[in-house]
Ligand code: HMG
Ligand code: MG
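Quick look at the structure:
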């Protein structure tokens, strides 16, 4: 049976905009987040408190976060890689954070300049302190299906790192198909293996990129397994600057079209969301890659 309701974890302002070539003005980012909230998205990942040289696109986090933190009824998680990032987020009153690990050594090195073990050691005090402050902490796990340097990633390897993230105290684990190579059978195998390792489906989220056009099929497989938290990016923006061959995230509009067609509630107004992505595409100077956005665009 499919869930009656899905919570969409909107990552456009973070996973989407971290990958833009040009500089997006802070006011445009703030308006993007406000419009997403007005379209009914209840969880909007706002920005990252990472090293500004590593992700210059999000170097304006200190200016942006105060512009949006007062939005009523919206959860605004932010990425924090280390204690320095957590300090910055706490200073601005962030209530939700996310740490981001890798299932593979190659991507841990490329994205965090750490081995997998070193990255987990870096996250341990972050999660402990965040929990002490009453914050929610999401654990992202990248390269859960394949890795551009290492090829296919064994399910047991993914589950081992995911289990360690949960043991640090994360309350949610988002399984990332960073380069978009997953297929539905692989999704089912990974979700089942997570459950067998004691990670309940209720703690799992899925994070698909659409490189091979499989993101919606993979999402359906996850819904059939009972997953109710799905990551998506408005207009299909996205990628990862430290993962070659990562293309856009699953577009939120494509996801909402499928979910509403299945009778699954999201709280999202698809018309307002599409209008938001069309507005942002105008600001970015190129069309949205989302099929649904293009189909619903006024002629
Ligand atoms: P490092 O170079 O090893 O840093 O980078 P360090 O710990 O050696 O520190 C060096 C300097 O940076 C120090 O300053 C620190 O204070 C400063 P100095 O003493 O030399 O003057 N520093 C910071 N400054 C501001 N904010 C901070 C911070 N941390 C250190 N937070 C580090 C290590 C983790 C910082 C770096 O690798 C980094 O920022 N990585 C982030 C990469 C990133 O954001 N990637 C994209 C997000 S992940 C993703 O997209 C995947 C996902 O969507 C899921 C999926 O699709 O799979 C989540
Ligand atoms: Mg991603």
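In full-length UniProt numbering, the protein residues as written are 17 to 315. Each residue gets a CB set at the ideal place from its N, CA and C atoms; glycine is no exception.
Quick one: Cα of residue 142 to Cα of residue 189, how far? The alpha-carbon atoms of residue 142 and residue 189 are separated by roughly 16 Å.
Can residue 214 and residue 176 be called in contact, C-beta distance under 9 Å? With a cutoff of 9 Å on beta-carbon distance, residue 214 and residue 176 are scored as not near each other.
Is it true that the CB of residue 174 sits closer than 9 Å to the CB of residue 209? yes
Distance, residue 146 Cα to residue 101 Cα: 11 Å
Counting only the same chain and skipping the five closest in sequence on each side, list residues whose C-beta sits under 6 Å from that of residue 229. none
Output the distance between the C-alpha atoms of residue 155 and residue 295, rounded to the nearest integer angstrom. Looking at the two C-alpha atoms, the distance is approximately 31 Å.
Let me check you understand the geometry: is the CB of residue 190 closer than 8 Å to at least one non-hydrogen atom of ligand 1? yes
Under the rule that 16 or more other beta-carbon atoms within 10 Å means buried, what is residue 41, buried or exposed? exposed
Since residue 237 sits in a beta bridge, which residues does DSSP pair it with? Per DSSP, none; premise fails for residue 237.
By Cβ distance below 6 Å, which residues in the same chain neighbour residue 185 in space, the five residues on each side in sequence not counted? Only 143 and 147 meet the Cβ criterion.
Beta-ladder partner(s) of residue 281, from DSSP: In the DSSP output, where bridge partners are listed per residue, residue 281 has 21.
Between the Cα of residue 285 and those of 211, 58 and 238, spot the shortest distance and give me the residue it belongs to. 58
Which listed residue (88, 152 and 45) has its alpha carbon closest to that of residue 75: 45
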